[in-house]
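Have a look at the structure below before the remarks.
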Amino acid sequence: MAEITAKMVADLRAATGLGMMECKKALVEAEGNFDKAEEILRIKSGAKAGKLAGRTAAEGVLAYAINGNVGAL
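Right, here's the structure in full:
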């Protein structure tokens, strides 16, 4: 089993934008192989996104402000 360093986790996190623990678990599962870990995360994050896809935002608040030439939402 390959040793997983903090730099490996940080590099994978920078490449994927996912959390540190998710990246570390993927690297452990991939035995330190960066490309394989990236593929594992792509599959897992796709499954997570699929679970949330059916949810709708039925209620919420949207506010805006305009002051001269500047606007904000």
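For the record, in the sequence shown the residue sitting at position 22 is 22 according to UniProt numbering, with numbers rising by one throughout. The C-beta atom is built at its ideal place from N, Cα and C for all residues, glycine as well. Computed from a predicted model, the values in this text were never measured in an experiment.
Here the alpha carbons of Ala26 and Leu41 stand approximately 6 angstroms from one another.
Partner residues in the beta bridge of Asn67, as assigned by DSSP, are Val70. Between Glu39 and Ala15, the CB-CB gap reaches or exceeds 8 angstroms. Shortest Cα-Cα distance from Ala6 to any of Gly17, Leu18 and Lys24 involves Lys24. Around the beta carbon of Val9, 16 or more other beta carbons lie within 10 angstroms, which makes this residue buried.
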